[in-house]
Every structure is written in C-alpha cells, then in structure tokens.
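Student: Mind having a look at this structure? Questions to follow.
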Amino acid sequence: MAENAILYDASKCSACKGCQVQCKQWNMMPSGLGKDENEFTGSYQSMPDLNGDTRLLIEFHEEAAGDGIQWAFSRRACFHCTEPTCMEVCPVGAISQLDDGTVKLDNTKCVGCKYCTAACPFEVPKYRENFNVSNKCTLCDDRVAQGREPACVKTCPAAALSFGPRDEVLAAGKARVEELRTAGYDKAELYGETEMGGMHSLFVAQYGLEAHGLVRDPKRPDAVALFSLIKPLAGLGVAAVVGGLGLSFLTGIGYDRDELTAESASAYDAAKEEK
Ligand code: SF4
Ligand code: SF4
Ligand code: SF4
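Residue numbers for the sequence shown follow the numbering used here, so the first one is 528 and each next one is one higher.
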C-alpha cells in the first residue's frame, strides 16, 4: 500500500479551529469548554496544549509586529513518524504502524502507563483519565479505510489541509515553500520530510520552524532506551519493579499505572458504537 500523509499549510490557515472541532466530533471527544469556564489569558488559543480529550490543537504563536500582531499558526497533533518511538516503548503493543504509515494507538489494548508520552519527542500522546488510556490522532484510519479523507481535512474551509499519497503531498509541500519564498517569505520551510525517519503529517512553516513552535532536528528522547529495557516487565504488570529501579522521573510525568477497568473499556466501546 502507498504511504499517505496530511499536509498542513500554515500560510493558508485562518485558525478558524474547524478542524479541531471536527476532530472532536468525529472521534466523540468531549470539550471542556463551557460558558465562563476558562479565563481569557490574552491568547485566542483554546487551551495550552493537547489533552486526553483533544487530539488536535490549533496553536497561536504571536509576535508584536508594528502596531499589531503577527500570528504564526500551528497544527499540533501526532506527526505519524516513520520511526515512532512511542511504538517502540509501548509494553502491551497498543501502538502499531499501518501499511500507509499511520501510527495507530489502540485504546482497547492501552493500559495507560504513559510510556509513549515520555518517549515521543513532541509529547503528543496525552493521558485520558476517565478511561485510563493514552490518546492521540490516529490519522482517522477508520475513515481512510472507507476511502474517506480524515475528518479534519474534510472540514477545512481554507484548503489549508490536504491528504493523499505521501510522495504527492511531499511534492506539493515543497512547491508551496518555493512559492512562499518567491513571494518574499524567505524563512518558509517544509517540516516532516526527513524528521524522525520522515513524517506522515507534513507542515508548511511560512515563517520558519521556530516561529511555528516546531522542534528542529527532533531526537529520540533518552527515555526510549530505558523504557525499551523495562517494557517486558511492565507488560507483565510488574509496576513495583519499575519503582524499585528508582525511576523517579516517572512520577515527574504523572506515572500512575492502574489496570484498565472493564467498565471504562465497555463505556468507550459503547460510545464508539453509537457514533
Ligand atoms: S509524533 Fe510522537 S506519538 Fe506521533 S508517531 Fe511520532 S513519536 Fe509517536
Ligand atoms: S486525522 Fe482524524 S484523529 Fe487526526 S487530527 Fe485529524 S480528525 Fe483528528
Ligand atoms: S480548519 Fe483549516 S483554516 Fe481552520 S484552523 Fe483548521 S487548518 Fe486552519
């Protein structure tokens, strides 16, 4: 099967957040946003970061420019790396790579250990407390299997998102960067061609990687080697051994490995079936 990819073009994005909302709607993820629920902090960004119920966040990177503000928008979600360190460390095989490059997290297998979060150079997977699982973008593999586009792509009114064979998406991204440079955006760059072995979510960074909050030259976190060593133990549920190894940093990332309860798994399955 040919590899697929999403292309996000920040130069076309209007930050309407339609993709963010549609991701929640399709995947049945609740929103914590309610009337007067959140204090206005001076930014139009919905929340500080991804969370257990939010797989996609449009970020507002703001800089003063003359009398106004220059916004560099950013699409924060899983990049679907060709070398996914999250998958390497998962002790129960809940993360897999599909033939088209999608990195899928199966919430029916996940035990909520949070190893994937610590092993991801971008800290993308987030803990979903009510279900004791980690959560992240699955590149809408359920829709793609039916010949549909990912929900976020389908929704974008500004055509800032596109989806298709990775080689075509890559060529389109490179062409767009050239257009932008010709138009005077000389810092424009494409992100994802080679990072982490090549990503399946590419990004046209109009103002350069840093302006959009992207990690230049992402590296495998040191935790990956350690987690790979101890994952057979964790797979057997020997959390006490992990504690015995003196891995105090695990508590630093909120380590709390309980067994996935049958109730939460059933509730999640039922919610998905009602979709
Ligand atoms: S961005 Fe992080 S969570 Fe997504 S595939 Fe890469 S390592 Fe895994
Ligand atoms: S591909 Fe699907 S799961 Fe991923 S951000 Fe888009 S809508 Fe959400
Ligand atoms: S729907 Fe399109 S224009 Fe709106 S925030 Fe998402 S990517 Fe940007």
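For glycine and all other residues, C-beta sits at the position ideal for the given N, C-alpha and C.
1) How big is the Cα-Cα spacing for E530 and G545?
2) Please classify D796: is it buried, with 16 or more other beta-carbons within 10 angstroms of its beta-carbon, or exposed?
3) Am I right that M528 and D633 are in contact with their C-beta atoms under 8 Å? What's the rounded C-beta distance?
4) Does DSSP put M555 in a helix, a strand or coil?
5) Would you list, in sequence order, the uninterrupted beta strand (DSSP E) runs of no fewer than 3 residues that lie entirely inside the stretch 534-603?
6) Going by CA-CA distance only, name the one from S661, N662 and A678 that's closest to D669.
7) Keeping to the same chain, check which residues put their C-beta closer than 6 Å to that of R747; ignore five residues upstream and five downstream.
8) Report the three-state DSSP secondary structure of C608 (helix, strand or coil).
9) What are the boundary residues of the alpha helix (DSSP H) that K701 is part of?
10) Is the beta carbon of V619 within less than 8 Å of some heavy atom of ligand 1?
11) Within the same chain, show all residues whose beta-carbon is closer than 7 Å to that of C608, passing over the 5 residues directly before and after it, in chain order.
12) So, with DSSP's three-state summary, where would you put V680?
13) Under 8 Å from any heavy atom of ligand 5, does the C-beta of T568 make it?
14) Taking three-plus beta-carbon pairs below 8 Å as touching, is the stretch 643-661 in contact with the stretch 567-586?
15) Hey, is the stretch 712-723 in contact with the stretch 731-742, meaning 3+ C-beta pairs nearer than 8 Å?
16) Where does E722 fall in DSSP's three states?
17) For S601 versus L707, is the C-beta spacing smaller than 9 Å?
18) Tell me, to the nearest whole angstrom, how far the beta carbon of L583 is from that of C664; I am working on the premise that it is less than 8 Å.
19) How many whole angstroms separate the CB atoms of R693 and A532, which I take to be in contact at a CB cut-off of 8 Å?
20) Within this structure, are the beta carbons of V660 and C637 separated by less than 9 Å?
21) What separation, rounded to the nearest whole angstrom, lies between the Cα atoms of G711 and R703?
22) Specify the secondary structure class of L472 as computed by DSSP and reduced to three states.
23) Using three-state DSSP, classify Y654 as helix, strand or coil.
Tutor: From the atom records:
1) The residue you call residue 530 lines up with position 3 of the sequence shown. The residue you call residue 545 lines up with position 18 of the sequence shown. Distance between the alpha carbons of E530 and G545: 26 Å.
2) The residue you call residue 796 lines up with position 269 of the sequence shown. Low local confidence applies: a pLDDT of 46 at D796 is under 50, so the model's placement there is unreliable, with the coordinate-based value given in what follows. Its Cβ having fewer than 16 others within 10 Å, D796 is exposed.
3) Residue 528 sits at position 1 when you count from the first residue of the sequence shown. Residue 633 sits at position 106 when you count from the first residue of the sequence shown. That pair is no contact at about 19 Å.
4) As a working mapping, residue 555 is identified with position 28 in the sequence shown. Of the three classes helix, strand and coil, the one that applies to M555 here is coil, per DSSP.
5) 584-592 and 595-603
6) Translated into positions along the sequence shown, residue 669 becomes position 142. Of the listed residues, the one whose Cα sits closest to D669 is A678.
7) Translated into positions along the sequence shown, residue 747 becomes position 220. T612, listed in sequence order.
8) For the purposes of this step, residue 608 is identified with residue 81 of the sequence shown, where counting begins at 1. Three-state DSSP puts C608 in a strand.
9) Locating residue 701 in the sequence shown gives position 174, where the first residue counts as 1. Segment R693 to T709, the alpha helix (DSSP H) holding K701.
10) By one-based count along the sequence shown, residue 619 stands at place 92. Not under cutoff, so the answer is no.
11) Position 81 of the sequence shown holds residue 608. V630, M723, G724 and M726, listed in sequence order.
12) As a working note, residue 680 is residue 153 in the sequence shown. Collapsing the DSSP output to three states places V680 in a helix.
13) You won't find ligand 5 in this model; what it holds is ligand 1, ligand 2 and ligand 3.
14) yes
15) yes
16) One-based indexing of the sequence shown puts residue 722 at position 195. Three-state result, E722: helix.
17) Numbered from 1 along the sequence shown, position 74 holds the residue referred to as residue 601. Numbered from 1 along the sequence shown, position 180 holds the residue referred to as residue 707. No, these two residues do not count as a Cβ contact at 9 Å.
18) Counting from one through the sequence shown, the residue named residue 583 turns up at place 56. Counting from one through the sequence shown, the residue named residue 664 turns up at place 137. Confirmed, about 6 Å.
19) Residue 693 sits at position 166 when you count from the first residue of the sequence shown. Residue 532 sits at position 5 when you count from the first residue of the sequence shown. Yes, they are in contact, since the Cβ atoms of R693 and A532 sit about 4 Å apart, within 8 Å.
20) Stepping through the sequence shown from its first residue, residue 660 is reached at position 133. Stepping through the sequence shown from its first residue, residue 637 is reached at position 110. Taking 9 Å as the Cβ cut-off, V660 and C637 qualify as a contacting pair.
21) Position 184 of the sequence shown, counted from the first residue, corresponds to residue 711. Position 176 of the sequence shown, counted from the first residue, corresponds to residue 703. If I take the Cα positions, the gap works out to 13 Å.
22) Outside the displayed range of the chain (528 to 802) lies residue 472, so it cannot be described from this structure.
23) Residue mapping note: residue 654 aligns to position 127 of the sequence shown, counting from 1. Strand.
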